[in-house]
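Q: My questions will all concern the structure given below.
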Amino acid sequence: MSFSIWWVWLLASTASSPVIDGQFEDWPTRNNRDSWSIQSHVDDDSILLFLQQPGPATVLQQLDEPLRLGLDVDDNIATGSPNQSLAGCDLIFEMSPDKKGRRRGGVTAITWNSDGFRMERSPYKFGFVFAPTTASRRHEIRIDRKAMNGIGNSIRAVVQPGTDARIEHVIAIPALKQASNPSSSVPRKSAGSSRVISWNIEYGGILKRPDLVRSVLQALKPDILLLQEFENDQSIDELKRFLDSIQDGDDWTLAVNRNTGNLRSAVATRLPAVTVEQFDRITRSDEPDRTIRAAALLIDLGGGHRTLAVSVHLKCCGGLNGPEDMTRISEMLSIREAIESTTQTHQPDGLLIGGDLNLVASPIPLDILRLDGQSLLGPHQSGDLDVASPLHIDGRDAYTWYNAESSYTPGRLDYVLTGGDLKQTESFIFDSYDLDANHADKLAKDATRRASDHLPVVVDVVPAPN
Numbered sequence: 448m449s450f451s452i453w454w455v456w457l458l459a460s461t462a463s464s465p466v467i468d469g470q471f472e473d474w475p476t477r478n479n480r481d482s483w484s485i486q487s488h489v490d491d492d493s494i495l496l497f498l499q500q501p502g503p504a505t506v507l508q509q510l511d512e513p514l515r516l517g518l519d520v521d522d523n524i525a526t527g528s529p530n531q532s533l534a535g536c537d538l539i540f541e542m543s544p545d546k547k548g549r550r551r552g553g554v555t556a557i558t559w560n561s562d563g564f565r566m567e568r569s570p571y572k573f574g575f576v577f578a579p580t581t582a583s584r585r586h587e588i589r590i591d592r593k594a595m596n597g598i599g600n601s602i603r604a605v606v607q608p609g610t611d612a613r614i615e616h617v618i619a620i621p622a623l624k625q626a627s628n629p630s631s632s633v634p635r636k637s638a639g640s641s642r643v644i645s646w647n648i649e650y651g652g653i654l655k656r657p658d659l660v661r662s663v664l665q666a667l668k669p670d671i672l673l674l675q676e677f678e679n680d681q682s683i684d685e686l687k688r689f690l691d692s693i694q695d696g697d698d699w700t701l702a703v704n705r706n707t708g709n710l711r712s713a714v715a716t717r718l719p720a721v722t723v724e725q726f727d728r729i730t731r732s733d734e735p736d737r738t739i740r741a742a743a744l745l746i747d748l749g750g751g752h753r754t755l756a757v758s759v760h761l762k763c764c765g766g767l768n769g770p771e772d773m774t775r776i777s778e779m780l781s782i783r784e785a786i787e788s789t790t791q792t793h794q795p796d797g798l799l800i801g802g803d804l805n806l807v808a809s810p811i812p813l814d815i816l817r818l819d820g821q822s823l824l825g826p827h828q829s830g831d832l833d834v835a836s837p838l839h840i841d842g843r844d845a846y847t848w849y850n851a852e853s854s855y856t857p858g859r860l861d862y863v864l865t866g867g868d869l870k871q872t873e874s875f876i877f878d879s880y881d882l883d884a885n886h887a888d889k890l891a892k893d894a895t896r897r898a899s900d901h902l903p904v905v906v907d908v909v910p911a912p913n
């Protein structure tokens with residue numbers, strides 16, 4: 448078997464580490480698109496890799512053929528994988544793993560013990576995160592440095608994109624700096640702004656796990672909630688009572704979409720608001736009997752400013768260009784039409800859209816909404832909607848979904864967009880694990896992860912001055 452091998456050495460470390468957000472702006476530019484390219488960066492916490500591939504864009508967890516990333520941690524060819532192309536690799540991440548002749552989605556981690564016995568492990572054990580979750584020719588990966596034992600002065604990384612090629616890359620490992628961790632607290636809302644939270648609270652969790660959810664919301668103090676996965680048999684009156692219990696004296700207004708199967712979406716606010724008839728029932732244009740999970744309210748932000756707030760939940764799962772991908776595209780086209788119909792009737796000043804877009808294949812559903820989205824507010828507006836770019840409070844990641852029991856690794860599924868004269872002043876993804884003990888108050892360390900497999904996406908907004 449012959450292999451094409453490229454050796455690439457680590458460039459000097461930069462002052463700050465790349466963020467795993469799928470934007471790639473913090474990696475050096477490479478102009479060669481005809482062959483594989485690997486770059487790396489190492490800090491006290493992480494080993495980060497940036498992969499660029501030739502050919503069409505791919506979804507790493509839905510490949511036709513597995514992609515393997517091997518790490519030779521101990522610089523000993525006699526340990527680890529006996530496979531010729533990955534010989535000596537003590538840890539291998541197999542994306543879209545081959546399971547008994549069948550492809551399956553997700554990522555599998557593979558290690559070998561001292562007796563040479565092969566073991567399959569969860570990628571979560573090694574803090575494996577990559578971005579983006581959508582189709583791309585570029586991917587950035589983070590692996591927890593402290594999850595790997597026996598690291599020396601370097602690690603040999605091997606990427607095997609197929610059976611006829613491999614790419615090798617030597618990662619220099621700097622000594623630990625042992626710098627103190629910065630203090631992490633919940634960012635405060637700026638004066639005059641309204642706090643928006645988009646949150647898929649897994650399978651009716653807002654009422655099934657009320658104490659956990661309430662503790663998170665009390666820490667964040669939302670003014671507007673864009674909710675997903677409210678179950679069809681759950682009581683809307685009970686949901687309102689729960690919302691009114693978040694803070695004393697609140698009186699929440701809410702809108703929930705009609706029956707769409709077991710799961711529904713909702714918009715709720717403690718600000719003055721009215722429902723909009725255009726969102727009573729939205730159906731797919733290609734299948735009119737299929738109702739879409741989308742709800743809306745027209746919210747008064749004060750000073751005569753009215754914003755149309757929309758909560759959406761698109762179809763889950765599926766591969767690139769598959770039926771689920773096509774369904775998401777169809778759903779977003781219908782949602783865009785409903786927004787345009789609503790704005791023609793009510794003429795809001797601002798637009799706020801958020802929810803679980805389930806972008807695990809193509810990015811087209813987001814683009815349908817984003818591109819020229821300002822025109823949804825009327826012919827006097829033009830340009831794209833603003834997509835919030837929140838990060839975790841620790842500044843390392845942008846994933847909004849996390850389930851350590853799954854073979855799928857953390858990913859960004861949830862988005863918030865704004866338009867019109869509504870401006871974003873702050874945004875972050877809230878994982879209670881990111882808070883230090885001095886700022887957690889009464890919030891449990893694992894509150895967000897026990898409440899749902901999705902994390903709250905927080906965006907503070909304010910009407911731009913006239």
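Everything in the sequence shown is counted per my numbering, starting at 448 for the first residue and increasing by one.
Ideal placement from N, C-alpha and C gives every residue a C-beta, glycine not left out.
Predicted model, so just to flag it, every value in this text is computed and none were measured.
#1: Three Cβ pairs or more, each shorter than 8 Å: is that satisfied between the stretch 577-585 and the stretch 494-505?
#2: Is Lys546 helix, strand or coil when you go by DSSP?
#3: Which term fits Cys763, buried or exposed, when burial requires 16 or more other beta carbons within 10 angstroms of its beta carbon?
#4: For Gly517, which of Leu869, Met595, Lys546 and Pro579 has the nearest alpha-carbon?
#5: Using alpha carbons as the reference points, say which of Ala887, Asn850, Val506 and Thr505 lies closest to Ser569.
#6: For Gln486, count the other beta carbons within 10 Å of its own beta carbon; 16 or more makes it buried, fewer makes it exposed. Which is it?
#7: Among the residues of its own chain, which have a CB less than 6 Å from the CB of Thr461, if the five just before and after it don't count?
#8: Is the separation between the beta-carbon of Glu649 and that of Ser899 shorter than 7 Å?
#9: Spatial neighbours of Gly469 within its chain, please: C-beta separation below 6 Å, excluding the five flanking residues on both sides.
#10: With a 10 Å radius around its C-beta and 16 neighbouring C-beta atoms as the bar for buried, classify Asn885 as buried or exposed.
#11: Under the DSSP definition of a beta bridge, which residues are partnered with Lys870?
#12: What does the alpha-carbon distance come out to for the pair Trp453 and Gln607?
#13: What three-state label does DSSP hand Ile776 in the structure shown?
#14: Which residues bound the alpha helix (DSSP H) around Ala898?
#15: Taking the straight line between their C-alpha atoms, what separation do you get for Pro912 and Asp473?
#16: Please go through the same chain and pick out, in chain order, the residues whose beta-carbon is closer than 8 Å to the beta-carbon of Ser641, but skip the five residues on each side of it.
#17: Output needed for Gly801: all residues of its chain with C-beta closer than 6 Å, excluding positions within five of it in sequence on either side, in chain order.
#18: Going by C-alpha to C-alpha distance, which of Leu507, Ile614, Phe877 and Val506 sits closest to Arg843?
#19: Unbroken beta strand (DSSP E) runs of length 3 or more, entirely within the stretch 770-820: which are they?
#20: Measure how close the beta-carbons of Phe726 and Ala713 come, nearest whole angstrom, since I'm counting them as under 8 Å.
#21: In angstroms with no decimal places, state the Cα-to-Cα distance between Ser484 and Asp684.
#22: Are the beta-carbon atoms belonging to Arg589 and Val576 less than 7 Å from one another?
#23: Pull the bridge partners of Ala619 from the DSSP assignment, please.
#24: Compare the C-alpha of Ser829 against each of Leu818, Ala835 and Ser836 and name the closest.
#25: Using CA coordinates, which residue listed in Asp511, Leu538, Pro513 and Leu514 is at the minimum distance from Ile524?
#26: Helix, strand or coil: which one does DSSP assign to Trp456?
#27: Roughly how many angstroms separate the alpha carbons of Leu507 and Ile693, rounded to a whole number?
#28: Report buried or exposed for Val721, applying the criterion of at least 16 other Cβ atoms within 10 angstroms of its Cβ.
#29: Where do the ends of the beta strand (DSSP E) carrying Val489 lie?
#30: Distance, Cα to Cα, Gln681 vs Gly866?
#31: Exposed or buried, which one is Thr476 when buried takes at least 16 other CB atoms within 10 Å?
#32: How far does the beta strand (DSSP E) with Asp519 in it reach, from first residue to last?
#33: For Val904, which option in Gly820, Arg565 and Pro634 has the closest C-alpha, if you only look at C-alpha atoms?
#34: Could you say which of Arg728, Leu710, Arg661 and Ile620 lies nearest to Asp803 if we only look at CA atoms?
#35: For Gly574, tell me which candidate among His901, Ile815 and Pro857 has the shortest Cα-Cα distance.
#36: Closer than 6 Å by C-beta to Phe471: which residues in its own chain qualify, once you throw out the five before and the five after it? Chain order, please.
A: To lay it out plainly:
#1: yes
#2: Along the sequence shown, read from residue 1 onward, the residue named residue 546 stands at position 99. If DSSP states are grouped into helix, strand and coil, Lys546 belongs with the strands.
#3: Along the sequence shown, read from residue 1 onward, the residue named residue 763 stands at position 316. Cys763 should be labelled exposed.
#4: The residue you call residue 517 lines up with position 70 of the sequence shown. Comparing Cα positions, the closest option is Met595.
#5: Position 122 of the sequence shown, counted from the start, is the residue given in the question as residue 569. Closest option to Ser569, Cα to Cα, is Asn850.
#6: As a first step, residue 486 must be located in the sequence shown, where it is residue number 39. By the neighbour-count rule (16 or more Cβ atoms within 10 Å), Gln486 is buried.
#7: Here the question's residue 461 lines up with position 14 in the sequence shown. Here Thr461 scores only 40 on pLDDT, less than 50, and its place in the model should not be relied on; the value that follows carries that caveat. Answer for Thr461: no residue qualifies.
#8: The sequence position of residue 649 within the sequence shown is 202, counting from 1. The sequence position of residue 899 within the sequence shown is 452, counting from 1. A contact, by the Cβ cut-off of 7 Å.
#9: Within the sequence shown, numbered from 1, the residue matching residue 469 stands at position 22. Once the five neighbours on either side are set aside, the close Cβ partners of Gly469 are Ala578 and Pro579.
#10: Within the sequence shown, the letter at position 438 stands for residue 885. So Asn885 ends up on the exposed side.
#11: Mapped onto the sequence shown, residue 870 falls at position 423. DSSP output for Lys870 lists Val909 as bridge partner(s).
#12: Taking the first residue of the sequence shown as position 1, residue 453 is located at position 6. Taking the first residue of the sequence shown as position 1, residue 607 is located at position 160. Caution applies to Trp453, whose pLDDT of 39 falls short of 50 and renders its modelled position unreliable; the model cannot decide the point.
#13: To locate residue 776, count along the sequence shown from 1; it is residue 329. DSSP places Ile776 in helix when its eight states are reduced to three.
#14: Locating residue 898 in the sequence shown gives position 451, counting from the first residue. Here the alpha helix (DSSP H) through Ala898 covers Ala894 to Ala898.
#15: Reading the sequence shown from its first residue, position 465 is the one you call residue 912. Reading the sequence shown from its first residue, position 26 is the one you call residue 473. Each residue's Cα considered, the two are about 33 Å apart.
#16: If you number the sequence shown from 1, residue 641 lands on position 194. Counting only Cβ-Cβ distances below 8 Å, and skipping sequence neighbours, we find Asp670, Ile671, Leu718, Leu748, Asp907, Val908 and Val909.
#17: The residue labelled residue 801 in the question sits at position 354 within the sequence shown. Within the same chain, Gly801 has close Cβ partners Ser645, Leu673 and Val863.
#18: Start at 1 with the first residue of the sequence shown, and residue 843 comes out as number 396. From the listed residues Leu507, Ile614, Phe877 and Val506, the smallest Cα separation to Arg843 is found for Phe877.
#19: Scanning the stretch 770-820 from its first residue to its last, the whole beta strand (DSSP E) runs of 3-plus residues come out as 797-803.
#20: Translated into the one-based positions of the sequence shown, residue 726 becomes position 279. Translated into the one-based positions of the sequence shown, residue 713 becomes position 266. In fact, because the Cβ distance is near 11 Å, the residues do not count as touching under 8 Å.
#21: In the sequence shown, counting from the first residue as 1, residue 484 sits at position 37. In the sequence shown, counting from the first residue as 1, residue 684 sits at position 237. Rounded to the nearest angstrom, the two C-alpha atoms are 56 Å apart.
#22: As a working note, residue 589 is residue 142 in the sequence shown. As a working note, residue 576 is residue 129 in the sequence shown. In this structure, Arg589 lies near Val576, with their beta-carbon atoms less than 7 Å apart.
#23: If you number the sequence shown from 1, residue 619 lands on position 172. Answer is Ser601.
#24: Sequence index remark: in the sequence shown, residue 829 carries index 382 (1-based). Relative to Ser829, the option among Leu818, Ala835 and Ser836 whose CA is nearest is Leu818.
#25: Locating residue 524 in the sequence shown gives position 77, counting from the first residue. The shortest Cα separation from Ile524 among Asp511, Leu538, Pro513 and Leu514 belongs to Leu538.
#26: Working through the sequence shown from its first residue, we reach residue 456 at position 9. Residue placement at Trp456 is poorly supported in this model, since its pLDDT is 36, which falls under 50; the coordinates still yield a value, given next. In the structure shown, Trp456 sits in a strand (DSSP, three-state: E or B).
#27: Residue mapping note: residue 507 aligns to position 60 of the sequence shown, counting from 1. Residue mapping note: residue 693 aligns to position 246 of the sequence shown, counting from 1. Using only the alpha carbons, I get a separation of about 40 Å.
#28: Along the sequence shown, one-based indexing puts residue 721 at 274. Classification for Val721: exposed.
#29: In the sequence shown, residue 489 corresponds to position 42, counting from 1. Where Val489 is concerned, the enclosing beta strand (DSSP E) stretches over Ser484 to Val489.
#30: Within the sequence shown, numbered from 1, the residue matching residue 681 stands at position 234. Within the sequence shown, numbered from 1, the residue matching residue 866 stands at position 419. For Gln681 and Gly866, the distance between alpha carbons rounds to 32 Å.
#31: Indexing the sequence shown from 1 puts residue 476 at position 29. Its Cβ having fewer than 16 others within 10 Å, Thr476 is exposed.
#32: As a first step, residue 519 is located in the sequence shown; it is residue number 72 there, counting from the start. That run of the beta strand (DSSP E) goes Leu514 to Asp519.
#33: As a first step, residue 904 must be located in the sequence shown, where it is residue number 457. Comparing Cα-Cα distances from Val904 to each of Gly820, Arg565 and Pro634, the minimum goes to Pro634.
#34: Against the sequence shown, residue 803 aligns to sequence position 356. Of the candidates Arg728, Leu710, Arg661 and Ile620, the one whose C-alpha sits nearest the C-alpha of Asp803 is Leu710.
#35: Against the sequence shown, residue 574 aligns to sequence position 127. Looking at the Cα atoms, Pro857 is the closest of the given residues.
#36: In the sequence shown, residue 471 corresponds to position 24, counting from 1. So the list reads Arg585, once near-sequence residues are dropped.
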